[in-house]
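This report concerns only the one structure given below.
Residue numbers (the numbering used here): 520 to 755.
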């Protein structure tokens, strides 16, 4: 890593510099921070960081002014009522910034994603919405220990849908019921999925935005749950 690039990167990651809304053009996702963190880890100079930032910043949607944020998302009912509504992204972001600052990353994630409660399971499913973009964002936040990015990931999850709920939640339950001695690797799981006839046959030639939701899950969901539940991540 280029030590001189550290201060400029921190400025870009600050609350005042983080560029734009988490999405643009309705479905497109903002990857500026991912790009900056990757090239920083690869040794980018301050000039290269600035160039990468400017190349993608001008077409991002601006955020709402903080003074317009009026929701009380600490109220569970308000939190629930405004899920899956992109226009409230900034409200969720401010809320989760406060939660992460007060409780820390680990406790916040446990409460809102991994607690096994109805709300946490709902947010866990949303983490996989938008074709994994919230959980991609979360991964960067954890890898680089950036509280703002973790808050952005949670806010992003809150405005995405729960189409993965029918797979990831049952798979989690099935995984817990399996023997803890399972030694299935990620690559063996990938090879299994790629060679499973039922899964291959489930994908149609019809053009759809999300073939997981329209093809794979309805036609091979039960089998998919059985396969993916073989893989578990151990605490160590």
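The beta carbon of each residue, even a glycine, is placed where N, CA and C say it ideally should be.
Q: My understanding is that residue 561 touches residue 531, with C-beta atoms under 8 Å, so please give their C-beta distance in whole angstroms.
A: Not really, about 16 Å apart at Cβ, beyond 8 Å.
**Q.** Among 549, 563, 621, the one whose alpha carbon lies nearest that of residue 522
**A.** 563
Q.
Please report the distance separating the alpha-carbon of residue 663 from that of residue 621.
A. 19 Å
Q. Is it true that the stretch 713-728 meets the stretch 649-664, where meeting means three or more beta-carbon pairs spaced less than 8 Å apart?
A. With a cut-off of 8 Å, the stretch 649-664 and the stretch 713-728 do not count as touching, because too few Cβ pairs lie within range.
(Q) Rounded to whole angstroms, what is the Cα-Cα separation between residue 611 and residue 633? (A) Going by the C-alpha atoms only, they are around 18 Å apart.
Q) So is residue 647 in contact with chain B if we call contact Cβ pairs under 8 Å? A) Here chain B cannot be found, since the structure has a single protein chain.
Q: Measure the alpha-carbon distance for residue 603 versus residue 685 and round it to whole angstroms.
A: 17 Å
Q) When DSSP labels each residue in this structure, what does residue 747 get in the three-state scheme? A) helix
Q | residue 655 versus residue 643: straight-line alpha-carbon distance, rounded | A | 13 Å
Q.
Can you list, in chain order, the residues of its chain with a C-beta nearer than 8 Å to that of residue 569? Leave out the 5 residues immediately preceding and following it.
A. 527
Q: With a cut-off of 8 Å on the beta carbons, I'd call residue 645 and residue 694 a contact; round off their distance for me.
A: The pair is not a contact, with the Cβ atoms about 19 Å apart (cut-off 8 Å).
Q: Tell me whether residue 621 sits in a helix, a strand or coil according to DSSP, three-state version.
A: helix
Q) In chain order, what residues of the same chain have a beta carbon less than 6 Å from the beta carbon of residue 529, not counting five sequence neighbours either side? A) none
(Q) Which same chain residues end up closer than 6 Å to residue 682 when comparing Cβ atoms and leaving out the 5 residues on each side of it in sequence? (A) 732
(Q) Contact defined as beta carbons within less than 8 Å: I believe residue 658 pairs with residue 680. What is the distance between those atoms, to the nearest angstrom? (A) In this structure residue 658 is not in contact with residue 680, their Cβ atoms being roughly 20 Å apart against a cut-off of 8 Å.
**Q.** Neighbour-count burial assignment, residue 544, 16 or more Cβ in a 10 Å radius
**A.** Its pLDDT being 46, under 50, residue 544 is placed unreliably by the model, and nothing is read from it.
(Q) Taking 8 Å as the limit between beta carbons, can you name the residues of its chain near residue 705, skipping five residues before and five after? (A) 750
Q: Taking residue 562 as part of the alpha helix (DSSP H), name the residues at either end of that continuous run.
A: Looking at the DSSP string, residue 562 is not in any alpha helix (DSSP H), and its letter there is neither H nor E.
Q: With a 10 Å radius around its C-beta and 16 neighbouring C-beta atoms as the bar for buried, classify residue 591 as buried or exposed.
A: exposed
Q) Between the Cα of residue 742 and the Cα atoms of 753, 696, 689, which residue gives the shortest distance? A) 689
Q) What's the call for residue 707, buried or exposed, on a 16-neighbour Cβ count within 10 Å? A) exposed
Q | 8 Å contact criterion, which residue 669 and residue 619 should meet: CB distance rounded | A | 6 Å
**Q.** Separation of residue 728 from residue 567, as counted between CA atoms
**A.** 34 Å
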